[in-house]
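Visitor: Read left to right, the sequence shown gives residues 321 to 445 (my numbering).
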Amino acid sequence: MKHVTLAKLLETQTHHHILTLKQTLLFWKRQGVIFFQKEVADLSMSQEFALYYYLAKGNNPDFNAFPVPTSLVAHASTKRGAQQLTNYFQSYYDTNQTLFEDEMTLHKYVGLDYSWFYSVPNDGG
Numbered sequence: 321m322k323h324v325t326l327a328k329l330l331e332t333q334t335h336h337h338i339l340t341l342k343q344t345l346l347f348w349k350r351q352g353v354i355f356f357q358k359e360v361a362d363l364s365m366s367q368e369f370a371l372y373y374y375l376a377k378g379n380n381p382d383f384n385a386f387p388v389p390t391s392l393v394a395h396a397s398t399k400r401g402a403q404q405l406t407n408y409f410q411s412y413y414d415t416n417q418t419l420f421e422d423e424m425t426l427h428k429y430v431g432l433d434y435s436w437f438y439s440v441p442n443d444g445g
C-alpha cells in the first residue's frame, strides 16, 4: 500500500488525461489487481488515497486491506475459510499478527481475480 494522488499518478504513469487514468484505476480495481476505498469519481487531483497492489503490501505497514483469490471467497464464512483468510492476511503482510484489531469491522470488495478484505474503524454507534 502506498498513499498517492491522481496528480502524482499522472506524473508517473503513461496516462496524460485524468479521465483515462480514472478509467484505468477502475478497470484494475474490478479485476482485483489493485484496491482503494475512495470513489474515483469524487477524488480531486491533490486528494491523497491509499492504493493497494495484490502482489505487494508496499512500504506502509498499515494492515488495512489484503487480497484473497476470488475463487476462495465463498468459503470465507466457514471455520476453515476464516483460517485461510488469516493465512492470506499474515502472508500478505509477513506478520504473525491476528486478523485486524477488535475495534475494526471487516468488509469485502469482490473483484474478478482477487477480492479484498479491508477494515473500517467502528464509529462507536
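Glycine included, C-beta positions come from ideal geometry on N, C-alpha and C.
Exposed or buried, which one is Ala327 when buried takes at least 16 other CB atoms within 10 Å?
Guide: Counted from its first residue, the sequence shown places residue 327 at position 7. Its Cβ having fewer than 16 others within 10 Å, Ala327 is exposed.
Visitor: Where Tyr413 and Asn407 are concerned, what is the direct C-alpha to C-alpha distance, given to the nearest angstrom?
Guide: The count along the sequence shown starts at 1 and reaches residue 413 at position 93. The count along the sequence shown starts at 1 and reaches residue 407 at position 87. Going from the Cα of Tyr413 to the Cα of Asn407 covers about 10 Å.
Visitor: Give the single residue among Leu371, Gln343, Pro389, Val430 whose Cα lies nearest to the Cα of Thr325.
Guide: The sequence position of residue 325 within the sequence shown is 5, counting from 1. Of the listed residues, the one whose Cα sits closest to Thr325 is Leu371.
Visitor: Since Ser364 contacts Val393 with CB under 8 Å, what's their CB separation in whole angstroms?
Guide: Here residue 364 corresponds to residue number 44 of the sequence shown, with the count starting at 1. Here residue 393 corresponds to residue number 73 of the sequence shown, with the count starting at 1. The pair is not a contact, with the Cβ atoms about 32 Å apart (cut-off 8 Å).
Visitor: So what does Lys322 bridge to, in DSSP terms?
Guide: Here residue 322 refers to the residue found at position 2 of the sequence shown. BP columns for Lys322 point to Leu371.
Visitor: Pull up the CB-CB distance for Ala385 and Phe437, whole angstroms please, since I reckon it's below 8 Å.
Guide: Counting from one through the sequence shown, the residue named residue 385 turns up at place 65. Counting from one through the sequence shown, the residue named residue 437 turns up at place 117. That pair is a contact at about 7 Å.
Visitor: Quick one, which of Thr415, Asp362, Gln367, Gly352 has its alpha-carbon nearest His323's?
Guide: Position 3 of the sequence shown, counted from the start, is the residue given in the question as residue 323. The option with the nearest alpha carbon to His323 is Gln367.
Visitor: Can you tell which of Ala361, Phe369, Tyr429 has the C-alpha that lies nearest to the C-alpha of Val388?
Guide: Within the sequence shown, the letter at position 68 stands for residue 388. Of the listed residues, the one whose Cα sits closest to Val388 is Tyr429.
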